[in-house]
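Below is one structure, written out as structure tokens; the observations come after it.
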Amino acid sequence: MSSLDGPEHTPVPPPILNPAGGANQVRVRAYNERLVLSLVRLYGALSKADIARRSGLSAQTVSVIMRVLEKEGLLSRGAPVRGRVGQPSIPMHLNPDAVYSFGLKMGRRSADLVLMDFVGRIRMQLHQTYAYPLPHEILAFVTAGIEEIESRLDDRQRGRIAGLGIAAPFELWNWAEEVGAPPGAMEVWRDVDLQADVAARVSHPVFLQNDATSACGAELVFGVGPSYPDFVYFFIGSFIGGGIVLNSAIFSGRTGTAGAIGPLPVRDRNGETKQLLEIASIFVLENMLRERGIDPEPLWYSADDWVDFGEPMDTWIQDTAKALAQAIVAAASIVDFSAAVIDGGFPHWVRSRIVQATIDEAAKLDLQGVVMPEIIEGAVGAQARAIGGASLPIFSRYLTDQNVLFKEVDHAEGT
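856 is the number of the first residue of the sequence shown in this note's numbering; add one for each residue after it.
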């Protein structure tokens, strides 16, 4: 577990975009406050003049809002920036200690509970592994974990907790055999309302989102999102999942399953057609290790502490890269994505190897008529699902939805 003094989060430089205009009416003051906080979060630090220019709010309205937000401790002042003429401008930052949020990542092999601050830094975390998840174990972990973490906080810090966001796979009873669960053991999840059951045991508001969608949201908000308004996202966990970002907002589709890239058909090294998740998932590496008499348990102890397993890992990375390259070409044939972002529950050196191998494999494919996106590493890392979960209460209470923040510059100038 880490202390409350974590490293600073380094924001990614945002694109030159203008936000959707705010409004000066008193009845929408709360919305305008959210808009101001969202802009400061996106750009890292903004002066009152910057906020007025980017929001469309009057300078007077911005001054009033920023005074309120500073008084409430949500914004803090930076060092004055002196220009050639006039008074120095005062950049305003989000106060990391203003708000905290719990995030629970529940996977098929492990669970993580994190306490995240207002700027996306993990302040504390707990980790638990298991052969497969069962409801009573998850409920015990999250309730005991919240109690333990809160015992390390003072009254002021506990009073600033916005809620708990859960990032979990949907339909956990599917693919139970692949992760080695006994027949019927996972069927219990069919009758579980995880959000309601957790809410009945904790004193905070509880939110629930698909784990891969949560990871994609974390990448959008705290990772490469500000630099890439459109990207297809791949998160390699026990099973690979993903998401789609269009116009700086997650696109969930008609049924909420857009970007569920696991079922994409790809060819394996033998030319057989399989679903992407049957090749590019950590459970495949787990099975490869077990077949070679190598203990796969270290895969689940800590995502940051993998060892190099040698030949089976090399084979898995190569197979994963071939499959990802095909999936990226298929996605780029439908949508002109600016980037394909790859991340997962493993150390950065594994991610780097997968991304480079994917770039190499994509170059071998027939790309005639395809405008390939830039294939890049995710910037959030192994805790993307937990961070995405922890973001849910903060966005619900303090920030605007990402898809109302922006309009393209040329469109905004024409209104």
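Virtual Cβ for every residue (Gly too), placed ideally from N, Cα, C. None of these values were measured; they are calculated from a predicted model.
(request) Please determine, among T1170, L1075 and M1227, the residue with the shortest C-alpha to C-alpha distance to G1233. (result) Reading the sequence shown from its first residue, position 378 is the one you call residue 1233. Ranking the options by Cα distance to G1233, first place goes to L1075.
(request) Report yes or no: do three or more beta-carbon pairs, one from the stretch 1201-1218 and one from the stretch 1245-1255, lie closer than 8 angstroms? (result) no
(message) Using only the alpha-carbon positions, how far apart do N879 and L892 sit?
(response) As a first step, residue 879 is located in the sequence shown; it is residue number 24 there, counting from the start. As a first step, residue 892 is located in the sequence shown; it is residue number 37 there, counting from the start. For N879, the pLDDT reaches just 45, beneath the cut-off of 50, and the residue's location in the model is therefore unreliable, leaving the point undetermined.
(request) Note down, one range per segment and in chain order, each alpha helix (DSSP H) of at least 4 residues found wholly within the stretch 1163-1247. (result) 1166-1189 and 1203-1217
(request) Thinking R1240 and D1066 are a contact (beta carbons under 8 angstroms), I'd like their distance in whole angstroms, please. (result) Within the sequence shown, numbered from 1, the residue matching residue 1240 stands at position 385. Within the sequence shown, numbered from 1, the residue matching residue 1066 stands at position 211. Contact holds; Cβ gap of about 5 angstroms.
(message) Short of 7 angstroms in beta carbon distance, which residues of its chain neighbour L1254, apart from the five on each side in sequence? Order them along the chain.
(response) Counting from one through the sequence shown, the residue named residue 1254 turns up at place 399. Same-chain partners within the cutoff: R889, L892, S893 and R896.
(message) Does M856 come out as helix, strand or coil in the three-state DSSP assignment?
(response) Here residue 856 is taken as the residue at index 1 of the sequence shown, counted from 1. Bear in mind that a pLDDT of 43 at M856, under 50, signals an unreliable position, so the number given afterwards is only what the model happens to contain. Coil.
(request) List the endpoints of the continuous alpha helix (DSSP H) containing M947. (result) Reading the sequence shown from its first residue, position 92 is the one you call residue 947. Not the alpha helix (DSSP H): M947 falls in the beta strand (DSSP E), residues M947 to L949.
(message) Rounded to whole angstroms, what is the Cα-Cα separation between N1102 and G1108?
(response) Numbered from its first residue, the sequence shown carries residue 1102 at position 247. Numbered from its first residue, the sequence shown carries residue 1108 at position 253. Going by the C-alpha atoms only, they are around 14 angstroms apart.
(message) Rounding to the nearest angstrom, what Cα-Cα distance links I977 and G1224 in this structure?
(response) If you number the sequence shown from 1, residue 977 lands on position 122. If you number the sequence shown from 1, residue 1224 lands on position 369. Each residue's Cα considered, the two are about 43 angstroms apart.
(message) Per DSSP, what are the beta-bridge partners of G958 in this structure?
(response) Indexing the sequence shown from 1 puts residue 958 at position 103. DSSP lists V969 and G1020 as partners of G958.
(message) Taking its Cβ as the centre, do 16 or more other Cβ atoms sit within 10 Å of G1078, making it buried, or is it exposed?
(response) Along the sequence shown, one-based indexing puts residue 1078 at 223. Buried, since its Cβ has 16 or more Cβ neighbours within 10 Å.
(request) Note the first and the last residue of the continuous beta strand (DSSP E) segment covering G1039. (result) Residue mapping note: residue 1039 aligns to position 184 of the sequence shown, counting from 1. Run containing G1039: none; DSSP gives neither H nor E here.
(request) Have a look at P1118, G1200, D1010 and V1235 and flag the residue whose alpha-carbon is nearest the alpha-carbon of M961. (result) As a position in the sequence shown, residue 961 is number 106, starting the count at 1. With distances taken between Cα atoms, M961 lies closest to G1200.
(request) Name the one or two DSSP bridge partners that N1065 has. (result) By 1-based counting over the sequence shown, the position of residue 1065 is 210. Paired residue(s): A1023.
(request) Using DSSP bridges, identify the partner residues of F996. (result) As a position in the sequence shown, residue 996 is number 141, starting the count at 1. Looking at the DSSP assignment, F996 forms no beta bridge with any residue, so it has no partner.
(request) Pick helix, strand or coil for H1059, following the three-state DSSP scheme. (result) Looking up residue 1059 in the sequence shown gives position 204. Residue state, collapsed to three classes: coil.
(message) In this structure, how does DSSP classify F1276 when only helix, strand and coil are distinguished?
(response) Because residue 1276 is not part of the residues shown, which for the chain are 856 to 1270, the question remains open.
(message) Among A1135, I993 and Q980, whose alpha-carbon lies nearest the alpha-carbon of D1169?
(response) Translated into the one-based positions of the sequence shown, residue 1169 becomes position 314. If we check each option's Cα against that of D1169, A1135 comes out closest.
(request) Measure from the alpha carbon of L930 to the alpha carbon of each residue in S902, P943, R908 and G911, then state which is nearest. (result) Position 75 of the sequence shown, counted from the first residue, corresponds to residue 930. Taking only the C-alpha atoms, the option nearest L930 is S902.
(message) Between A966 and chain D, is the shortest Cβ-Cβ distance under 8 angstroms, so that the two count as touching?
(response) The chain labelled as chain D is not found in the depicted structure, where only one protein chain is given.
(request) Measure the C-alpha to C-alpha separation of R937 and A907 and round it to an integer number of angstroms. (result) Position 82 of the sequence shown, counted from the first residue, corresponds to residue 937. Position 52 of the sequence shown, counted from the first residue, corresponds to residue 907. About 19 angstroms.
(request) For E1033, I'd like the list of residues in its chain whose CB is within less than 7 angstroms of its CB, leaving aside the five on either flank, ordered along the chain. (result) The residue you call residue 1033 lines up with position 178 of the sequence shown. For E1033, where only same-chain residues beyond five positions count, the Cβ hits under 7 angstroms are F1138.
(request) Evaluate N1125 with the Cβ neighbour count: other Cβ atoms within 10 Å of its Cβ, from every protein chain shown; 16 or more gives buried, anything less gives exposed. (result) Position 270 of the sequence shown holds residue 1125. N1125 should be labelled exposed.
(request) Let me know if N1029 comes out buried or exposed under the rule of 16 or more other beta-carbons within 10 Å of its beta-carbon. (result) In the sequence shown, residue 1029 corresponds to position 174, counting from 1. The residue is exposed, with fewer than 16 neighbouring Cβ atoms inside 10 Å.
(request) Could you tell me which of G1020, S910, G1111 and I1116 sits nearest to F1094, measuring between CA atoms? (result) Locating residue 1094 in the sequence shown gives position 239, where the first residue counts as 1. Of the candidates G1020, S910, G1111 and I1116, the one whose C-alpha sits nearest the C-alpha of F1094 is I1116.
(message) Tell me the rounded alpha-carbon separation between P1120 and G1165.
(response) The residue labelled residue 1120 in the question sits at position 265 within the sequence shown. The residue labelled residue 1165 in the question sits at position 310 within the sequence shown. Straight-line Cα distance between these residues: approximately 28 angstroms.
(message) Tell me the residue span of the alpha helix (DSSP H) that contains P1153.
(response) Along the sequence shown, one-based indexing puts residue 1153 at 298. For P1153, the enclosing alpha helix (DSSP H) begins and ends at P1153 to Y1156.
(request) Determine the closest residue to S916 out of A904, L1131 and K926, with distance taken between C-alpha atoms. (result) Mapped onto the sequence shown, residue 916 falls at position 61. Residue identity check: residue 916 is Thr in the sequence provided, not Ser. Ranking the options by Cα distance to T916, first place goes to A904.
(message) Here's the rule I'm using: 16 or more other beta-carbon atoms within 10 Å means buried, otherwise exposed. How should W1204 be labelled?
(response) Your numbering for residue 1204 matches position 349 in the sequence shown. Under the 10 Å beta carbon count, W1204 is surrounded by fewer than 16 other beta carbons and is classified as exposed.
(message) Considering only DSSP beta bridges, list what L989 is partnered with.
(response) In the sequence shown, the residue the question calls residue 989 occupies position 134. DSSP lists no partner for L989.
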